[in-house]
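First residue of the sequence shown? That's 16 in my numbering, and the numbers climb one at a time after it.
Only one structure is covered here, and it is reproduced in the block below.
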Amino acid sequence: MANILIVSEKPSVGRAVARALGVKESGRHDGYMEGYSDFFGLNIWVTWAAGHLVQMCSPDQYDSGYLKWRYEDLPILPGEFKYGIIPGREKQFQTVAKLMNAVGGSGQDQMELSALSQDKKFLVPFAYVVNACDAGREGELIFRRIYEMSGSSVPSRRLWISSMEDSAIRDGFAHLKDGSEYQNLYEASVCRAEADWLIGMNATRAFTTKYFKRLVVGRVQTPMLAMLAERQDKIDGFVKEAYYTVEVEGGGIRAASGRIPEEADSDALAGKCGGASAVVSGLSKVQKKGKPPKLYDLTTLQREANRFFGYTAQETLDALQELYEAKLVTYPRTDSQYVTSDMEQTVSEMIGLLSEIFPFLKDADIGYNVERVINNDKVSDHHAVLPTKEAVKNGMEGLSEKQRNIFCLVGQRLAQAVSGECIYEETAVTVLCEGHEFHAKGRTVLQPGFKKIGDVFQTAFLKDKPMDTDMKDDMAPIPQGLYEGMEITEIRAGSRRHFTSPPKPYNEDTLLSEMERAGSGEFEEGTERKGLGTPATRASILEKLISSGYAERRGRQIFPTADGRELAAVIPDYLKSAGMTAEWENRLLLVEKGQLDGRDFMQGITELIRAVLKECDAISAQERQRFHPKDAVGGCPVCGNPVYEGKKNFYCSSRECPFSLWKENRYLAGMGKRIDKKMAADLLENGRTHAEDFYSQKKGRAFAADLIMGIKDGRASFSMEFPKNKAKEG
């Protein structure tokens, strides 16, 4: 009888997988469990990674000399990257590693493994190890790092599932794939990790050592910060301008003019139209259809959860992950808004259960247009986020308010996506008064379709109705009975002043949207693109930006801090370009698909680092003092850069310049005099300074003189002028 080892990402997931496989536990130990599976006739050991157990080593673990940050040591480009166990997780790593090295392959080829618990030994001939970490790039990286660092030679297979439902786990286990089939995914994950390490370590050290201030640079974090800083610059630089409109009212309609630049012209027009007659000079009615929204991918769900409930992207992802592990929703870290054709029956069954799972949908008219959410070409690793049939028996009992809100948001989105179109009539009216045209628009809903479900959800969950995601309803219906040529008497008219509005600060909804669309104009039409970051990483990158002190939340809005804006100001454009970073994500996707060699990707990253260092080489001495403003004592007589006061001298801020004024120097030593700040300022401005307290050891008394500064080979030389023009050279 074959024995197998399963490695999950978390203990809770490992136990859920074991239960789904019908494992009857014969032993639970510290860090793993074991038992027999009725479904598959296998002895199964289950252990877990508890998140990442292995991490990339820091530069000082390659060379202790890197403990001190020096610009001269850059670039740091390891020939081969090193990995180490994350401090505090050594025990679990040893548990997983020992199990991974219990190699068997067949019932006859058994080897003894010392028990991981202290009180017994057991025989464990593992035929293969199953990677049951999350089915994505990061899950693949977690497993492979442990597997490789453990030195295991046990054959590996991959469990790839989009739901934690028992049936999905059993089906996935019945169709395990060889681990080698995910080699491209692993290569892409390694490239992503190494690129982030190289850019983070080199660029952070480069800008920190150049500017004498810790400046943290990240491949995705920095372009995100640049977006925030650029928006804030536009807000701060915005100058509001007034403009005017004239509104006329009569016959049950209200129409408005276009923008009028001058208040006097607006007042004059209002005065002419007030009390006058008008005529309906244009009337058109067009029937339009609003299409139902697509299903949720992670980013769209995070955006709407922020809009509806004010949840951060990380809060939404955390709640969604908990729902996934509770078997209530499908895999959360997806970038697809569709399902595949082989899921048609499953989705149809799910639709039939929606009103049973979500009571607020009982009276909703839910459609069955499943074909609308099917698109095989737009589903990569995982389909859209859906509720599961497991929710029928589990229900919402025990869920936190946040979990319940997210869960119901997912349910109503499926209901909307498969329901009918919203059909409405849009009416446009033109009113002619005193030779000027005024316009009005109105909308009448003929068939609410999917929008009725959205209204039901908002009524059940929201006190204040937010802006609808798909279609604004701020246009009142136009009264019936209007016709072209109709005269309207006794027009009421008024002039209104308006102001242009600055751009709005980002909130998580709009920031995630901007990240998702980053670089969209730089790719050819039809090119699959990933935007800035990935759905799985955007939330954590934003949180890192905030924890680093470069951004902050004020209510629902996100602002760059002063430090963040300063950092964005000194980073070169290509390093903070959202378009360029989106292109790197696109290239990682090509690596994942096997269409680009990982070495070519990394070569591009190396070239980028060299470009960064070349840029840093050109930073001027004056610019390097940006974060440490000092009062310059004066200008350097050699190169013109600022001269600052140090402990022992007055030095030129340019490292290449040899000029300095030593406070205690050989020329003045015998005269009991040292150069103070006032003398240095005089010397730099006038080339001379006067003092009354030079001391003559020969005569044993003080004397007055002018100290004259000359420059020879870039260095200061001195002489003196006495009241009687007797000079003393030095």
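Even for Gly, the Cβ is constructed at its ideal location relative to N, Cα and C.
All values derive from a computational prediction rather than experimental measurement.
- In terms of Cβ geometry, L699 and G649 form a close pair [threshold 7 Å].
- By the Cβ rule, the region 450 to 460 does not count as touching the region 318 to 332, because fewer than three pairs are nearer than 8 Å.
- With a minimum length of 3 residues, the unbroken runs of beta strand (DSSP E) contained wholly in the region 632 to 697 fall at 657 to 660, 664 to 667, 675 to 677.
- The beta carbon of L526 sits closer than 8 Å to those of M239, M242, L243, L557, I573, all from its chain and outside the five residues before and after it, given in chain order.
- In terms of CA proximity to E598, A533 leads the group S510, F642, A533.
- By a beta-carbon distance limit of 8 Å, A508 contacts V261. Their separation comes to about 6 Å.
- A check of alpha carbon separations from Y565 across E452, H190, E581, A33 identifies E581 as the nearest.
- Going by beta carbons, M686 and F665 fall outside the 7 Å limit.
- Between the alpha carbons of G94 and G37 lies a gap of roughly 46 Å.
- E262 has A271, G509 as its beta-bridge partners, per DSSP.
- CA-CA distance, R641 to A584, rounds to 11 Å.
- By the 16-neighbour rule on beta-carbons within 10 angstroms, C631 is buried.
- Inclusion of L284 and V444 in the CB contact set at 7 Å is not warranted, their separation being larger than that value.
- With respect to V263, E441 sits apart: the two C-beta atoms are not nearer than 7 Å.
- Counting only residues of its own chain and dropping the five nearest sequence neighbours on each side, D524 has a CB closer than 6 Å to the CB of R318, N321, R322.
- A straight line joining the alpha-carbon of R512 with that of E278 spans about 8 Å.
- In terms of Cβ geometry, S182 and T345 do not form a close pair [threshold 7 Å].
- When DSSP states are grouped into helix, strand and coil, S178 belongs to the strand group.
- Under the DSSP definition of a beta bridge, W63 partners with S23.
- Counting C-beta pairs with one atom in each stretch, the region 209 to 217 and the region 186 to 199 have fewer than three that are closer than 8 Å, which means they do not touch.
- By the neighbour-count criterion, in which 16 or more other beta carbons inside 10 Å mark a residue as buried, I100 falls on the buried side.
- Nearest Cα to E24 within the set L560, L174, Q247, E371: L174.
- For K693, the closest C-alpha among the options R681, D282, S668, E660 is that of E660.
- As for any beta strand (DSSP E) of minimum length 3 sitting wholly inside the region 274 to 351, the runs are 293 to 305, ordered along the chain.
- By the Cβ rule, the region 353 to 360 does not count as touching the region 148 to 156, because fewer than three pairs are nearer than 8 Å.
- Sequence-distant partners of F514 (beyond 5 residues in either direction) whose C-beta falls short of 8 Å from its own C-beta, in its chain, are K255, E256, A257, Y258.
- For C448, the pairing in a beta bridge is given by DSSP as H451.
- Counting of Cβ neighbours within 10 angstroms places F465 among the buried residues, the total reaching 16 or more.
- By the 16-neighbour rule on beta-carbons within 10 angstroms, H398 is buried.
- Counting along the chain, F574 sits inside the beta strand (DSSP E) bounded by residues 572 to 575.
- In the DSSP assignment, M216 falls within the unbroken alpha helix (DSSP H) covering 198 to 226.
- Distance check between K559 and each of G413, E40, V231, R172 places V231 closest, using alpha-carbon atoms only.
- Contact between I506 and A430 fails: their C-beta atoms lie close to 47 Å from each other, not under 8 Å.
- A straight-line Cα-Cα distance of about 16 Å links W63 and A117.
- DSSP places G42 in the uninterrupted beta strand (DSSP E) bounded by 38 to 44.
- In this structure, P90 sits near I624, with a CB-CB distance shorter than 7 Å.
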